[in-house]
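Asker: Position one of the sequence shown corresponds to residue 16 (the numbering used here), numbered consecutively onward.
Cβ atoms here follow ideal geometry from the backbone N, Cα and C, with glycine treated the same way.
Just dropping this structure here.
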Amino acid sequence: MDLSYTPEEEDFRARLRDWLAGELPALPPKPSPDDWPGRRAYDLGWQRRLHDAGYADVHWDASPTLRLIFLEETERAGAPYVGANFVGLLHAGPTIAAEGTADQRARWLPTILRGEEVWCQGFSEPDAGSDLAALRTHARRDGDTYVVTGSKIWTSHAEVADWCELLVRTDPQAPKHRGITWLALPMDAPGVTVRPLRTLAGSAEFAEVFLDEVRVPVANRVGDENDGWRVTMVTLSFERGTAFAGEVVACRRVLGELAVEARKNGRWDDPALRRRLGGLSAEFRALWRLTQWNVSAAEASGGVPGAGGSVFKLRYSHARQELYDAAAQVLGPDCLDLDRPWVLERLSSLSYTIAAGTSQVQHSIIAERILGLPKGR
Numbered sequence: 016m017d018l019s020y021t022p023e024e025e026d027f028r029a030r031l032r033d034w035l036a037g038e039l040p041a042l043p044p045k046p047s048p049d050d051w052p053g054r055r056a057y058d059l060g061w062q063r064r065l066h067d068a069g070y071a072d073v074h075w076d077a078s079p080t081l082r083l084i085f086l087e088e089t090e091r092a093g094a095p096y097v098g099a100n101f102v103g104l105l106h107a108g109p110t111i112a113a114e115g116t117a118d119q120r121a122r123w124l125p126t127i128l129r130g131e132e133v134w135c136q137g138f139s140e141p142d143a144g145s146d147l148a149a150l151r152t153h154a155r156r157d158g159d160t161y162v163v164t165g166s167k168i169w170t171s172h173a174e175v176a177d178w179c180e181l182l183v184r185t186d187p188q189a190p191k192h193r194g195i196t197w198l199a200l201p202m203d204a205p206g207v208t209v210r211p212l213r214t215l216a217g218s219a220e221f222a223e224v225f226l227d228e229v230r231v232p233v234a235n236r237v238g239d240e241n242d243g244w245r246v247t248m249v250t251l252s253f254e255r256g257t258a259f260a261g262e263v264v265a266c267r268r269v270l271g272e273l274a275v276e277a278r279k280n281g282r283w284d285d286p287a288l289r290r291r292l293g294g295l296s297a298e299f300r301a302l303w304r305l306t307q308w309n310v311s312a313a314e315a316s317g318g319v320p321g322a323g324g325s326v327f328k329l330r331y332s333h334a335r336q337e338l339y340d341a342a343a344q345v346l347g348p349d350c351l352d353l354d355r356p357w358v359l360e361r362l363s364s365l366s367y368t369i370a371a372g373t374s375q376v377q378h379s380i381i382a383e384r385i386l387g388l389p390k391g392r
């Protein structure tokens, strides 16, 4: 498989670098991490700049390789992360682009690209654990609407979202993977209650969402009724396939910063630490190559990442934890100081073996879909 870039792709990289160099100095100051309305406005403002420059649709209408170059270059330049736009740009948007009707694409994709609406993800539930298909939030059909009752947890950016990609059970008698439907829920609908959750790192980008007889138009269904599990696999393939690509670049940057800090504070003299950082450097270089391989495979299969995304997500989530454990070793006693670099990131890294499908779930996907092993009973 050819992992090199074409002249046209390198030209795209050069033009993007030039644009970033001129645009980033003009950005306003970043708002406080706890100011979510301010963060929403900041993130949407950055998305609007991308839109006006012609880069907004790179996540959907560009080839997977150009998408990868975009993520690589924006991270290297220190451009704003997608932030509150994460679910819309990297999960819901690509899913609607792949599975939605023409009317749905016309309604939702432009507002995401222009930085006008924020989406959140309503998948996980309090009683389902890692078994996403065990969801209990139910929707009964009432004419041209679904009436939805239930609750969701770990709903990313729910407190500032306009829409939610929502999984509901529409046929309680069907096998659990076959009675699920994917809906676009307006977050201002009557009966929606949002309760923010504070994480170990002190942030509040997640929330509980309670749904009490919420009416959702049938026109907001993406895919067929009871076909939501298949649509969800499309969503998760994007979440595990390319959504973390920019973070691999960020981890490689952090690794270099750790080496500089270790030289300053004398811990570079520890050969065990040097071996550890060297091993992590090889790890993240391999993960970047795996990302390129997954992108090439996605191009060959119509743009939707495949099961190889689970291989990436499994190893990346553990490598990220190992990176920030190494950061604690570099910092020494200062690793308990929340104001020092990398300390909050170490706390948040603990969630990566759970987020976007637990490591145990990824093992099962790899076993069944790549290795061809039988499903457990």
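(1) Go ahead and pull the three-state DSSP assignment for F138.
(2) To the nearest angstrom, how far is the alpha carbon of S19 from that of A149?
(3) Evaluate K279 with the Cβ neighbour count: other Cβ atoms within 10 Å of its Cβ, from every protein chain shown; 16 or more gives buried, anything less gives exposed.
(4) Thinking C-beta only, is C179 closer than 8 Å to G206?
(5) Using 8 Å as the cut-off, can you tell me whether the segment 104 to 123 makes contact with the segment 155 to 167, which would need three or more C-beta pairs spanning the two stretches below that distance?
(6) Assign K167 to buried or exposed, taking buried as 16 or more other Cβ atoms, counted over all protein chains shown, within 10 Å of its Cβ.
(7) Let's test the definition: count the other Cβ atoms within 10 Å of the Cβ of Q307 and tell me whether it reaches 16, buried, or not, exposed.
(8) To the nearest angstrom, how far is the alpha carbon of E88 from that of R63?
(9) Measuring straight from C-alpha to C-alpha, what distance separates T373 and S145?
(10) Is DSSP giving V183 helix, strand or coil here?
(11) Could you check which residue in R289, E240 and T208 has the C-alpha nearest to that of V229?
(12) Taking just the CA atoms, how far does L288 sit from E38?
(13) Would L94 pass as a contact of L182 if the rule is Cβ separation under 8 Å?
(14) Is the CB-CB distance between D49 and N100 below 8 Å?
(15) Can you find the residues in the same chain that come closer than 7 Å, C-beta to C-beta, to V237, ignoring five residues on each side of it along the sequence?
(16) I need the straight-line Cα distance from H333 to I127, nearest angstrom please.
(17) Within this structure, are the beta carbons of R282 and G347 separated by less than 8 Å?
(18) Exposed or buried, which one is H378 when buried takes at least 16 other CB atoms within 10 Å?
(19) Does the beta-carbon distance from R213 to V133 come in below 8 Å?
(20) According to DSSP, is H172 part of a helix, a strand, or is it coil?
(21) Suppose you measure from the CA of P187 to the CA of G165; what does that come to, to the nearest Å?
(22) Can you tell me which residues form a DSSP beta bridge with E223?
(23) Output needed for L7: all residues of its chain with C-beta closer than 7 Å, excluding positions within five of it in sequence on either side, in chain order.
(24) What residue from R193, P201, A189 and S139 has the CA that sits closest to V162's CA?
(25) Using a 10 Å radius around the Cβ and a threshold of 16 neighbouring Cβ atoms, would you call P232 buried or exposed?
(26) Taking the Cβ atom as the reference point for each residue, do L295 and F327 lie within a distance shorter than 8 Å?
(27) Which of helix, strand or coil does DSSP assign to W357?
(28) Name the two residues that bound the continuous beta strand (DSSP E) containing V162.
(29) Pick helix, strand or coil for P43, following the three-state DSSP scheme.
(30) Taking its Cβ as the centre, do 16 or more other Cβ atoms sit within 10 Å of S364, making it buried, or is it exposed?
(31) On a Cα-Cα basis, can you pick out the residue from G103, L31, V97 and V224 that is closest to K45?
Answerer: Checking against the coordinates, here is how it stands:
(1) Here residue 138 is taken as the residue at index 123 of the sequence shown, counted from 1. Coil, per DSSP.
(2) Numbered from 1 along the sequence shown, position 4 holds the residue referred to as residue 19. Numbered from 1 along the sequence shown, position 134 holds the residue referred to as residue 149. When rounded, the distance between both Cα atoms is 42 Å.
(3) Counting from one through the sequence shown, the residue named residue 279 turns up at place 264. Exposed, because fewer than 16 other Cβ atoms sit within 10 Å of the Cβ of K279.
(4) By one-based count along the sequence shown, residue 206 stands at place 191. By one-based count along the sequence shown, residue 179 stands at place 164. Taking 8 Å as the Cβ cut-off, G206 and C179 do not qualify as a contacting pair.
(5) no
(6) Working through the sequence shown from its first residue, we reach residue 167 at position 152. It is buried - the Cβ of K167 has at least 16 other Cβ atoms within 10 Å.
(7) To locate residue 307, count along the sequence shown from 1; it is residue 292. Its Cβ being crowded by 16 or more others within 10 Å, Q307 is buried.
(8) As a working note, residue 88 is residue 73 in the sequence shown. As a working note, residue 63 is residue 48 in the sequence shown. Whole-angstrom Cα-Cα distance: 18 Å.
(9) The residue given as residue 373 occupies position 358 in the sequence shown. The residue given as residue 145 occupies position 130 in the sequence shown. Spanning the two alpha carbons is a distance of roughly 7 Å.
(10) Translated into the one-based positions of the sequence shown, residue 183 becomes position 168. If DSSP states are grouped into helix, strand and coil, V183 belongs with the strands.
(11) The count along the sequence shown starts at 1 and reaches residue 229 at position 214. Ranking the options by Cα distance to V229, first place goes to T208.
(12) What you label residue 38 is simply residue 23 of the sequence shown in a count that begins at 1. What you label residue 288 is simply residue 273 of the sequence shown in a count that begins at 1. C-alpha separation (whole angstroms): 38 Å.
(13) Numbered from 1 along the sequence shown, position 79 holds the residue referred to as residue 94. Numbered from 1 along the sequence shown, position 167 holds the residue referred to as residue 182. First, the residue type needs correcting, since residue 94 is Ala and not Leu in the sequence shown. Their beta carbons are not under 8 Å apart, which means A94 does not touch L182 by this criterion.
(14) Counting from 1 along the sequence shown, the entry for residue 49 is found at position 34. Counting from 1 along the sequence shown, the entry for residue 100 is found at position 85. Cβ distance not < 8 Å, so D49 and N100 don't count as in contact.
(15) Position 222 of the sequence shown holds residue 237. The residues are T110, I111, E114, G115, Q119, W197, A199 and V246.
(16) The sequence position of residue 333 within the sequence shown is 318, counting from 1. The sequence position of residue 127 within the sequence shown is 112, counting from 1. Spanning the two alpha carbons is a distance of roughly 31 Å.
(17) As a position in the sequence shown, residue 282 is number 267, starting the count at 1. As a position in the sequence shown, residue 347 is number 332, starting the count at 1. Yes, the Cβ-Cβ distance between R282 and G347 is below 8 Å.
(18) Position 363 of the sequence shown, counted from the start, is the residue given in the question as residue 378. Burial call: exposed.
(19) Within the sequence shown, the letter at position 198 stands for residue 213. Within the sequence shown, the letter at position 118 stands for residue 133. Cβ distance not < 8 Å, so R213 and V133 don't count as in contact.
(20) Working through the sequence shown from its first residue, we reach residue 172 at position 157. Coil.
(21) Position 172 of the sequence shown, counted from the start, is the residue given in the question as residue 187. Position 150 of the sequence shown, counted from the start, is the residue given in the question as residue 165. Between P187 and G165, the C-alpha separation is close to 14 Å.
(22) To locate residue 223, count along the sequence shown from 1; it is residue 208. Answer by DSSP bridge pairing, in chain order: R210.
(23) Outside the modelled stretch of the chain, which goes from 16 to 392, sits residue 7, for which no answer is possible.
(24) Counted from its first residue, the sequence shown places residue 162 at position 147. For V162, the nearest C-alpha among the options comes from P201.
(25) Within the sequence shown, the letter at position 217 stands for residue 232. Counting Cβ neighbours within 10 Å, P232 comes out exposed, since fewer than 16 surround it.
(26) As a working note, residue 295 is residue 280 in the sequence shown. As a working note, residue 327 is residue 312 in the sequence shown. No.
(27) Along the sequence shown, one-based indexing puts residue 357 at 342. In this structure, W357 counts as coil in the three-state DSSP scheme.
(28) Taking the sequence shown and counting its residues from 1, one reaches residue 162 at position 147. Residues T160 to K167.
(29) Here residue 43 refers to the residue found at position 28 when the sequence shown is read from its first residue. P43: coil per DSSP, three-state reduction.
(30) Position 349 of the sequence shown, counted from the first residue, corresponds to residue 364. Classification of S364: buried, given that the 10 Å Cβ count is 16 or more.
(31) By 1-based counting over the sequence shown, the position of residue 45 is 30. The option with the nearest alpha carbon to K45 is V97.
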